[in-house]
Every structure is written in C-alpha cells, then in structure tokens.
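J.:
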Amino acid sequence: MLESLLDPWRWERSLQDFPDYLEGFGMTLRVTAAGWLIAMCIGILLGLISTKQNKALKAVSRIYIQFFQNTPITIQFFFFYVGVPAIIKQLFHMSKAYRLSKFVIGIFGVGLYHGAYIAEVIRSGIEAVPGGQKEAALSQGFTENQAMAYVILPQTLKMILPPLTSQTLALLKNTSTLAMVVGLDLMYYADKSVGYTGYFQGYLIAAAMYFAVCFPLAMLVKVFERNAARNPELKRKKKKSRGGGLI
Amino acid sequence: MKKRFLAVMTMAVMALAALTGCGDSDGASSAASGDSSAQRTVEDIKAEGVLKVGAKSDTINIGLINTATGEYEGYDVDVAYEMAAKIFGCTYEEAVANHLVEFTSVTAKTRGGLLDNGELDCVIASFTVTDERKKSWNFTQQYRLEPVTFLVNKEAGVQTLADMDGFVIGVGQGTTTAELIEEYKEAKGLDVNYEIQDFQYISDGVAALKTGQIDAYSVDRTGLFAYMDDTTMLTEDAFGVQEIGIALKLGNDELTQFMDNALTELKESGRLDELKAKWGILTDEEVRAME
C-alpha cells in the first residue's frame with residue numbers, strides 16, 4: 031500500500047488531472063463565497079429574531095434552526111437536486127424536467143444549513159452581552175433598535191468572530207458534500223480522477239487544496255479568539271458565546 | 132508559538148517516515164519490481180481454503196447482492212466461482228455450496244487499493260483492461276466483451292447519439308465510457324455537443340435519468356439492459372467494445388497465468404458461453420456482429 035503511495039508514476043498520472051481539480055476548486059470557492067452570504071443573511075435575521083420578544087417569530091426561527099441542525103446536509107442536497115426541481119415543474123406546469131444548476135444547489139444547500147448555525151452563534155453572542163449594557167443604553171434615551179446597533183452589536187461582534195470563522199471553515203468543507211449530487215466541485219473531480227485511475231493520490235491532492243484555504247481560516251480563528259479574550263468584561267462570558275461552533 | 136509549530140511539523144514528518152519504513156529509495160524500488168514474497172500463490176489460496184474476490188454489488192446480471200439471501204449473484208460472480216473451482220480442483224456447484232469464494236463489494240475507487248494492499252486475490256468486477264491500467268495491475272485475457280450504449284427516456288424521442296445535441300450524459304465514475312463516446316462521435320463525424328457527468332453507482336445515474344436531471348446514461352450494454360423499463364429504452368448505438376478482464380496485484384504472474392489458462396479452458400469447453408446465456412450477456416460473436 032505504502033509503496034504504491036510513493037510510486038512516481040501514480041503521482042504523475044494523478045497530476046495530469048490537475049486542470050480538472052482547479053476547475054472544481056473554482057466551483058468550491060464560488061459556492062463557499064455565495065453560500066456564506068446566504069448563510070450570513072439567514073443567520074443575522076434569525077439570530078436577531080431569536081433575541082426579540084415576539085413569540086410567533088421566535089417560534090419560526092426555532093423551528094428553522096432545529097430542522098436544519100438536526101437533518102443531514104446530504105439529504106438537504108438531494109432535496110435541492112431532485113425535490114425542488116420536481117416541485118417547480120409541478121407549480122409551473124412544465125413539460126420537461128426542470129434543472130437547478132449545481133451552483134444554485136450548492137449555495138442553497140450550504141447556505142440554509144449553515145444559516146441555522148450562524149443564527150445560533152449570533153443569538154448566543156447577543157445574549158452574552160451583560161443585560162446592564164442594554165438597560166444603561168435605554169436609560170440614556172436609546173430606542174431598543176438603537177441600543178442594539180450602537181451598544182450591544184459592537185460588543186457582540188468581537189465575541190462571535192471566532193465561532194463565525196469556524197462556521198465559515200465548516201461551510202467550506204461541507205461544500206464537498208455537493209459531490210454526491212454531481213456538484214462539479216473539487217471533491218467531485220477528485221472522486222472522478224481517483225475513480226478512473228484507482229490511485230489514492232488524487233484524494234491527497236484534493237486534501238492539500240482544501241487544506242491550503244482551511245488552514246489560514248483556522249489560524250484566523252485563533253487570532254480572533256485571542257482578541258476576544260483581551261476584553262476583560264467579556265472574558266467571563268466567553269464560554270457561553272462559543273455555543274454554536276459545532277459543525 | 133513558532134517553536135510549537137515546528138515541533139508539530141517535525142513529529143508529523145517523523146511519523147510519516149516511520150509509516151513508510153524510513154526509506155524513499157527502497158520504497159521506490161520495491162514498488163517498481165513488485166515485492167515477490169508478498170504475492171499470493173495458488174498454493175497459498177488452497178492452504179487458506181478461500182479465494183478472495185472483489186465483486187460488484189450493484190449491477191443486475193453482473194454482480195448484485197441478493198437482499199433475500201445475502202449472496203452475490205451474476206455473471207462476474209459465476210466466473211469467480213469457476214476460478215475457485217479450478218484452484219481447489221472441484222466443480223462449480225461445489226465451489227458455490229462450500230463458499231469457496233469470499234466476496235468483497237468494490238467500486239471503481241476502491242478496487243485498485245484493495246488489490247495493492249493484498250486484501251483481495253483478484254477483482255472480477257467489470258474492470259476494463261487498458262494499457263494505462265496494465266502499469267498498475269496484472270490482467271488476464273477478457274472473459275466478457277461489452278459494447279457501450281445509451282439508456283434514454285422514451286419520451287425524449289432519440290434513436291442515436293446524433294440526436295443528442297445539448298444532452299447531459301451520465302457515465303459511471305471510473306469508467307472509460309466518456310472517452311469511448313468521444314471516439315465514437317469522431318469516428319462517425321457527428322456534430323453534437325454534450326456534457327458528461329460522472330455517477331458513482333449505476334442506480335444513482337438511472338435515478339437521475341428518470342427524474343430528468345440528466346438526458347441519457349451510458350455504460351456497458353449489459354449493465355444498462357437490466358435497468359430498462361416501460362419509460363426508458365436503449366438507443367441503437369453499440370460502440371467502443373471493452374475487454375473486461377480479471378485484475379490481480381501487479382507482479383503476481385503465477386496466479387495471473389493460472390487464471391488466464393482457466394479462462395482459456397472455460398472458453399474452449401463452451402462453459403463461458405453457457406454462463407453468458409444464463410445471465411443474458413452477449414457472446415463475443417454477437418458483440419462483434421453489432422459493431
């Protein structure tokens with residue numbers, strides 16, 4: 031096994047597919063970027079709703095978060111691959127099957143899923159700011175929204191940066207699930223190459239490419255964590271704010 | 132911080148070196164020559180009492196796990212039992228009854244590695260013989276010839292590749308099908324554009340075809356034939372005849388020669404054609420006539 035791992039021919043042959051890997055890598059990065067934007071929009075919206083008093087809105091947000099956190103992302107991808115096109119076809123009475131592009135499947139797949147986690151990060155971040163801060167702001171004549179925007183959120187931001195970056199990292203890695211629905215992403219092309227050649231080297235090449243973008247993000251998490259720890263007032267609450275950082 | 136990073140990296144390198152037996156040079160040379168002491172011989176298999184075969188578990192008539200009995204069934208599976216019968220000097224029926232073959236489900240991605248690390252004696256799983264693959268594994272002569280064709284939805288109203296302009300065509304991951312379609316297209320001088328998408332399992336590809344996510348699925352004729360139903364059909368195309376052989380670990384010439392001889396005997400006695408008839412597989416003559 032190990033001798034075949036060192037076989038120069040196998041490396042050479044696997045590297046012949048490198049242009050494919052690059053194309054897939056481009057897809058992975060595009061899906062990550064756009065998927066992250068969707069996840070952030072959903073996360074901020076639901077995160078803020080979760081801290082409000084409105085019970086109906088809160089319930090909607092809880093249901094969304096629990097649903098997406100407690101079903102596998104793989105099933106969600108298949109839903110976008112097969113389910114959504116079928117629904118669209120029915121709704122618009124199309125004669126031919128409708129197809130979503132892999133990019134669209136990808137960004138909604140990771141976007142909706144990680145949106146649920148980011149919402150939790152943001153909710154716990156807001157809740158970690160001591161209640162006295164809000165009371166003080168309100169007593170100074172700030173409205174509820176102004177207090178949120180000028181007093182609470184700036185403090186929240188520093189705390190949520192580490193778990194938020196972890197989520198970005200997890201989102202990037204989870205785009206590889208797209209390969210299961212022929213996603214044309216890096217994992218798909220790695221699978222394709224390894225499937226054809228039977229040489230494990232293809233996976234190592236893909237792993238190196240994922241690592242090259244994930245490792246800096248992981249380092250960034252460390253930097254943000256140190257920054258967050260520097261704020262003495264928030265230090266006490268730090269543990270609480272890490273809640274949503276699961277994959 | 133920097134020191135710790137260095138320490139971790141050093142440890143990682145050392146671990147890797149330990150894993151690889153601390154030597155690039157001897158690793159490379161044994162890879163080239165194929166370590167003969169590690170090769171399994173016919174005698175070894177006899178002593179162990181079981182032939183370890185990598186088989187398909189998802190392809191009807193070729194290699195499929197019967198969910199009722201848990202047993203592997205199909206043409207490739209029967210070839211494996213015939214090989215076991217030759218090795219252990221018994222009949223096919225005895226080989227089946229005494230479980231002389233231990234099957235492991237393989238896919239295109241796993242079959243090579245399982246041969247390399249010696250977990251399997253051979254792979255009998257629609258493994259197409261190519262010159263490139265001969266660099267990494269030993270192959271016997273072909274035990275099955277397969278033309279490639281397309282499975283399409285009847286309502287699409289297509290007859291051949293010429294009608295498939297703008298199609299998304301699914302192929303099996305790890306197969307040579309994509310190249311064969313391209314060669315076929317050039318040979319016929321067709322002006323069609325299509326996109327290829329790879330699927331890990333034939334069942335995934337057929338499901339994608341039926342839900343309209345792809346327009347056609349292309350692979351071995353036998354593989355496709357089994358998935359045909361009221362809504363789908365095979366096109367008139369038959370091209371890129373593939374030689375399917377038994378794959379063994381690189382350098383295991385003794386076992387390769389033994390199995391090659393066994394296949395010659397099965398062909399001469401007509402036994403192989405008998406098995407083909409049993410599983411609805413085209414004989415070599417029928418395949419040649421189709422081209």
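Protein chains in written order, with the working numbering: chain X, 31 to 277; chain R, 132 to 422.
For each residue, glycine too, the CB sits at the ideal point set by N, CA and C.
Chain R partners of residue 224 (chain X), CB-CB under 7 Å?
T.: Within chain R, the residues near residue 224 (chain X) are 240.
J.: Name the chain X residues whose beta carbon is nearer than 7 Å to that of residue 170 (chain R)?
T.: Those within 7 Å of residue 170 (chain R) in chain X number zero; the least Cβ separation is about 13 Å.
J.: What's the C-alpha gap between residue 256 (chain R) and residue 34 (chain X)?
T.: Roughly 21 Å between the two C-alpha positions.
J.: Going by C-alpha to C-alpha distance, which of X:139, X:97, X:260 sits closest to residue 104 (chain X)?
T.: Checked all of X:139, X:97, X:260; the closest Cα to residue 104 (chain X) is X:139.
J.: Assign residue 115 (chain X) to buried or exposed, taking buried as 16 or more other Cβ atoms, counted over all protein chains shown, within 10 Å of its Cβ.
T.: It counts as buried.
J.: Use the C-beta contact count for residue 122 (chain X): other C-beta atoms within 10 angstroms, 16 or more gives buried, fewer gives exposed.
T.: It is exposed - the Cβ of residue 122 (chain X) has fewer than 16 other Cβ atoms within 10 Å.
J.: Starting from residue 190 (chain R), follow its DSSP beta bridges and name the residues at the other end.
T.: According to DSSP, which records beta bridges pairwise, residue 190 (chain R) is partnered with R:194.
J.: Mind listing the chain X neighbours of residue 266 (chain R)? Cutoff is C-beta to C-beta under 7 Å, in chain order.
T.: Those within 7 Å of residue 266 (chain R) in chain X are 39.
J.: Can you give me, in chain order, the residues of the segment 300–313 of chain R that have a beta carbon less than 7 Å from any beta carbon in chain X?
T.: The residues in question are 304, 305.
J.: Taking contact to mean at least 3 C-beta pairs separated by less than 8 Å, is the segment 269–278 of chain R in contact with the segment 373–391 of chain R?
T.: As far as the Cβ criterion goes, the segment 269–278 of chain R touches the segment 373–391 of chain R, which means the pair count is three or higher.
J.: Does residue 116 (chain X) have its Cβ less than 8 Å from a Cβ in chain R?
T.: Yes - at least one Cβ of chain R is within 8 Å of the one on residue 116 (chain X).
J.: Quick one: is residue 183 (chain R) buried, meaning 16 or more other Cβ sit within 10 Å of its Cβ, or exposed?
T.: Buried, by the Cβ-count rule.
J.: According to DSSP, simplified to helix, strand and coil, what is residue 132 (chain X)?
T.: Of the three classes helix, strand and coil, the one that applies to residue 132 (chain X) here is helix, per DSSP.
J.: Shorter than 8 Å from the beta carbon of residue 143 (chain X) to some beta carbon of chain R?
T.: Cβ-Cβ to chain R under 8 Å: no for residue 143 (chain X).
J.: Below 9 Å between beta carbons is the criterion; list the residues of the segment 243–271 of chain R that meet it against any residue of chain X, in chain order.
T.: Those residues of the segment 243–271 of chain R that come within reach of chain X (Cβ to Cβ, closer than 9 Å) are 243, 244, 246, 247, 248, 249, 263, 264, 266, 267, 268.
J.: So, at 7 Å on beta carbons, what are the nonlocal neighbours of residue 410 (chain R) in its own chain, with the 5 sequence-adjacent residues on each side left out?
T.: Taken in chain order, the residues that qualify are 192, 205, 206.
J.: Which chain R residues sit within Cβ distance under 9 Å of residue 228 (chain X)?
T.: The contacting residues are 239, 240, 241, 242, 243, 244, 246, 247, 264, 267, 268, 305.
J.: Would a check of beta-carbon distances place residue 155 (chain R) closer than 8 Å to chain X?
T.: Because the pLDDT of residue 155 (chain R) is 38, which lies under 50, any placement of that residue in the model is unreliable, and the number read from its coordinates should be weighed accordingly. Yes - at least one Cβ of chain X is within 8 Å of the one on residue 155 (chain R).
J.: Should residue 38 (chain X) be labelled buried (16 or more other beta-carbon atoms within 10 Å of its own) or exposed?
T.: Residue 38 (chain X) is exposed by the Cβ-count criterion.
J.: Could you pull the DSSP bridge partners for residue 325 (chain R) from this structure?
T.: BP columns for residue 325 (chain R) point to R:298.
J.: Between residue 94 (chain X) and chain R, is any beta-carbon pair separated by less than 8 Å?
T.: Not an interface residue.
J.: Cβ of residue 260 (chain X) less than 8 Å from any chain R Cβ?
T.: Output row for residue 260 (chain X): interface = no.
J.: For residue 102 (chain X), does the count of other Cβ atoms within 10 angstroms reach 16, so buried, or fall short, so exposed?
T.: Answer is exposed; the Cβ neighbour count stays below 16.
J.: Counting only beta-carbon separations shorter than 8 Å, does residue 395 (chain R) have a partner in chain X?
T.: No, no contact with chain X.
J.: What runs of the alpha helix (DSSP H), each 4 residues or longer, lie entirely inside the segment 234–310 of chain R?
T.: Taking only runs of at least 4 residues, the alpha helix (DSSP H) segments lying wholly in the segment 234–310 of chain R are 239–247, 262–265.
J.: Write down every uninterrupted run of the beta strand (DSSP E) in the segment 38–69 of chain X whose length is 3 residues or greater and which is fully enclosed by it, in chain order.
T.: Counting whole runs of 3 or more residues, the segment 38–69 of chain X contains no beta strand (DSSP E) stretch at all.
J.: Starting from the Cα of residue 62 (chain X), find the closest Cα among X:92, X:144, X:258, X:126 and give me that residue.
T.: Minimum Cα distance to residue 62 (chain X) is reached at X:144.
J.: With distance defined between alpha-carbon atoms, name the residue in R:210, R:269, R:215, R:211 nearest to residue 178 (chain R).
T.: That would be R:215, whose Cα lies nearest to the Cα of residue 178 (chain R).
J.: Which two residues bound the contiguous beta strand (DSSP E) that contains residue 375 (chain R)?
T.: From DSSP, the beta strand (DSSP E) with residue 375 (chain R) extends over 370–380.
J.: Please list, in chain order, the chain R residues whose beta carbon lies closer than 9 Å to that of residue 236 (chain X).
T.: Near residue 236 (chain X) there are no residues of chain R at all, since even the closest Cβ is about 13 Å away, more than 9 Å.
J.: Would you say residue 277 (chain X) lies against chain R (beta-carbon separation less than 8 Å)?
T.: Model confidence at residue 277 (chain X) stands at a pLDDT of 47, short of 50, so the residue's coordinates are unreliable; what they give is reported in the following sentence. For residue 277 (chain X), the answer is no, since every Cβ of chain R falls outside 8 Å of its Cβ.
J.: For the segment 117–129 of chain X, list every residue whose C-beta sits within 9 Å of some C-beta in chain R, in sequence order.
T.: Answer set for the segment 117–129 of chain X: 119, 126, 127, 128, 129.
J.: Run through DSSP, which three-state label would residue 357 (chain R) get?
T.: Correct three-state label for residue 357 (chain R): coil.
J.: I believe residue 333 (chain R) touches residue 303 (chain R) by the beta-carbon criterion, under 8 Å. Please report the beta-carbon distance rounded to the nearest angstrom.
T.: Right, their Cβ atoms sit about 6 Å apart.
J.: Below 7 Å CB to CB, which residues in the same chain sit around residue 429 (chain R) once its five sequence neighbours on both sides are set aside?
T.: What is shown of chain R runs 132 to 422, which leaves residue 429 (chain R) out entirely.
J.: How big is the Cα-Cα spacing for residue 49 (chain X) and residue 199 (chain X)?
T.: Their backbone Cα atoms lie some 24 Å apart in a straight line.
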